[in-house]
Amino acid sequence: MVQAITGGCYGDEGKGKITDLLASKADYVVRFQGGANAGHTVINKYGKFVLHLLPSGVFHDHTVNLLASGIAFDADAFFSELTMLKERGVPTPKVLVSSHAQLLLPIHKRQDRLEEERLGKDAFGSTLSGIAPFYADKYAKRNFRIEELYADGLKEKIVRFCEDKNTFFHAFYGVEHAITVPEVSEYLLSVRERLRPFLCDAVSVLQEAVKNGKRILLEGQLGSLRDIEHGVYPYVTSSSPLAGFASAAAGIPPYEIRSITSVVKAYSTCVGAGPFVGELFGEEADELRKRGGDSGEFGATTGRPRRMAWFDCVAARYGCMLQGATEVALTMLDVLGYLERIPVCIGYTIDGQLTEHFPETHLLYRAEPVYYHLNGWKCDISRITKYEDLPEEARHYVAFIEKQIGVPINMISVGPERNQIIFRTSPLANKERL
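Quick note on numbering: the sequence shown equals residues 33 to 466 in the working numbering.
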C-alpha cells in the first residue's frame, strides 16, 4: 500500500509528528521533493528533533528512509543530520538516496542570499537555503545529478557550470569570479566518496517494494498553497508539494497511491512574504503564537515568528482539493483551549462580493475574511485520548471544520508528543467520494 502525507495549507501544519506516527507502520518513508528549507518537528523517546532533509521515519529501525529524485539534495545538511542523530543516541537509520537526485551546492545558497538582497522590499522571504537557484539550474539542465559524479565528462561539466555561474553573478550582482573550477571539483569529489554507500536505483527499489506489497509512505514538505503550479505564486516554493507530484518524483505509478493524508492546523500560520487573509497582529497574534506548538509558533528552519490567523476554511478546502486528500489530520487543537469564542473564516469578501472559492493571488490582497464564531471549551484537552471524551464544544469545532472542507478528519492531535493523538471514525469516511 502506498500512502502520501502532505500539508493542506501553507506548511508548518505539524506534519513531522503525523509522519512519525504513520512511519511506525511503514516499510519505506520517502521524501519526494524540497530540500533543507523547511523542518519537520518530531518528539519521541530520544528527545525533540527538527528534521530538514531526512525522512521522518529515521527513528524506526524497521523503516527504510529514501530520498527520491525530486529533492534538492544538500549534502552538507544530509551528513549534518546523520551526525546529529548519532550524537543524540538514535540508532543508525537505514537511509537510501536516489542516484537521480540532484545536488544543491554552496553557490546556490550564496545566490539565494544575493537575490533576496537585490529584490529588497519585493523579496520573497526565502529561507536562504538555495532552493530557487537550485531548481532554476535543474530545469535549465545545468545542475549535477548525483550519478554524474561517477561518470566521464565531470570535469568538462564543472568548467561549463562555473562559466555560467560567473557570467550570471557578474551580470546580476556585480560579483567577479564568484566560483572557481578547483573549489567545485574539490567539493564534488569529497561528496562523491561520502555518498557512495547510500546510493540506489530508487525507481527499482520502490517498484519492487510495491510489487511485494510493502507499506510506502510518501512524505511531502511545505503545503498546497506553496505549490509552484497552483499556490500563491510567486510566494511559493520551487517544487510541487502535492501528492500528485509524489508519484513522478518517487517513480511510482499514480494509481498506486491509495490514500492521501493532508495535515491541517486548527488555526492558520504562514512563514514568508505574500498575501495572508485574516492575518492577526498585536496582542491577539502574540498570544496565539506564544501558545502554539511545543515552543511557540516560530519557523523550524529560520526561527522567524510565524504569521498568525484563525482557521481558514476557504484555504484549507482548496488545499485539500489540490492534494486529493482522502482524510485530514487536524493538529494543535489543544492550543485553542484558552478562548471563549473561536472565529473561523468561512468565506472572503472581495470588493464587496462574497466568495467561498480560493481566488487568484492578486485578489487575495483585497480579500477580507468572513467569520463564523464557535464557542470555546475553556479547558486543557491535551490528555484526552478518545474523541467522545472531548468537550462538546471541541467536538463541534472539529465537525464544523470537517463539514466546511468536505474531507473526513480521522486524526486529531492534542499535543506535541506521539501519543497525544485521537483517532476518530469520521461520519464522512464511509461516504462515497467523487
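No residue lacks a Cβ here, since even glycine has one placed at the ideal position from N, Cα and C. In this text the structure is predicted, and so the values were computed from the model without any measurement.
What does a CB cutoff of less than 7 Å around residue i pick up in its chain, not counting 5 residues either side in sequence?
i    : result
G79  : R120
H92  : A55 and S56
F201 : V207 and A210
E45  : G39, G255, V295, V296, K297 and T363
F330 : R336, P337 and R338
R174 : F193 and D196
Return the CA-CA distance between residue i and residue j, expressed in angstroms with no decimal places.
i    : j    : result
P273 : S88  : 16 Å
A278 : E113 : 23 Å
I139 : A107 : 13 Å
F176 : F455 : 44 Å
V96  : R247 : 11 Å
A401 : E148 : The residue asked about is misnamed: residue 401 is Pro in this sequence, not Ala. If I take the Cα positions, the gap works out to 30 Å.
P459 : N198 : 59 Å
T38  : L320 : 24 Å
V446 : L85  : 26 Å
G102 : P423 : 43 Å
E251 : D59  : 13 Å
F343 : E372 : 16 Å
Y42  : V303 : 8 Å
S414 : G408 : 15 Å
Q35  : G152 : 41 Å
K47  : K322 : 20 Å
E315 : P123 : 43 Å
A234 : E240 : 10 Å
I374 : R150 : 41 Å
V430 : I441 : 8 Å
C411 : N451 : 19 Å
D421 : T457 : 14 Å
R228 : S291 : 33 Å
R226 : V127 : 13 Å
A268 : L231 : Ala is not the amino acid found at residue 268; the sequence shown has Val there. The alpha-carbon atoms of V268 and L231 are separated by roughly 30 Å.
S236 : K243 : 10 Å
R142 : V129 : 25 Å
L53  : I416 : 17 Å
Q355 : Y287 : 14 Å
Terminal residues of the continuous beta strand (DSSP E) containing residue i?
i    : result
F390 : Premise fails: F390 is in no beta strand (DSSP E) and is neither H nor E.
G379 : R373 to I382
C302 : S300 to C302
F455 : I453 to F455
S291 : I289 to K297
L92  : The residue asked about is misnamed: residue 92 is His in this sequence, not Leu. Neither: H92 is in no beta strand (DSSP E) and is coded neither H nor E.
E359 : E359 to T363
G39  : V34 to G39
P401 : A399 to N407
N442 : I441 to S445
So residue i is in the alpha helix (DSSP H); what residue range does that whole segment cover?
i    : result
F81  : Per DSSP, F81 belongs to no alpha helix (DSSP H); it is in the beta strand (DSSP E), G79 to L83.
S270 : From DSSP, S270 is part of no alpha helix (DSSP H); its letter is neither H nor E.
P165 : I163 to Y171
P214 : V213 to L227
R192 : L186 to Y205
E425 : E424 to I437
Return the residue from the list the options that minimises the CA-CA distance to residue i.
i    : options                   : result
M116 : K173, L83 and I163        : L83
T73  : D59, I190 and V90         : V90
E449 : Q35, G39, T51 and A36     : T51
H394 : L227, V309, P165 and G40  : V309
T381 : P266, E251 and Y397       : Y397
G206 : R336, L312, L146 and K322 : L146
S294 : G438, F81, T269 and A426  : G438
N69  : F432, I284 and S270       : S270
S131 : E179, K170 and H405       : E179
V66  : K170, H94 and H405        : Per the sequence presented here, residue 66 reads as Gly, with Val not at that position. Nearest option by C-alpha distance: K170.
R224 : Y403, A183, G245 and V237 : A183
E388 : Q436, A431 and L128       : Q436
L186 : Y429, L227, V61 and L220  : L220
L98  : P125, F313 and K118       : P125
V216 : E188, G324, V61 and P391  : E188
V346 : A317, V376 and K118       : V376
A341 : D318, I433 and A133       : D318
Please return the same chain residues whose Cβ sits closer than 8 Å to the Cβ of residue i, not counting the five positions on each side in sequence.
i    : result
F64  : A100, G102, I103, L250, E251, G252, F277, A278, A281 and A282
V191 : V213
D383 : R398
Grab me the residues of residue i's own chain with a C-beta within less than 6 Å of its C-beta, minus the 5 sequence neighbours each way, in chain order.
i    : result
D144 : S158, L160, G162 and P165
F110 : L85
L135 : F105 and F176
A361 : I50, T293, V295 and M443
M33  : R247 and R290
Y386 : According to the sequence shown, residue 386 is Leu rather than Tyr. Taken in chain order, the residues that qualify are G379.
H405 : R373 and P375
F81  : V74
A357 : I292, S294 and V439
Measuring from the CB of residue i, is there a heavy atom of the ligand NAD at a distance below 7 Å?
i    : result
W409 : With respect to the ligand NAD, the structure shown offers nothing to examine, as it has no ligands at all.
Is the region 364-371 in contact with the region 294-303, if contact means three or more CB pairs nearer than 8 Å?
Three or more pairs of CB atoms, one per stretch, sit closer than 8 Å, so the region 364-371 contacts the region 294-303.
Three CB pairs or more closer than 8 Å across the region 254-274 and the region 347-355
Three or more beta-carbon pairs separated by less than 8 Å link the region 254-274 to the region 347-355, which places the two stretches in contact.
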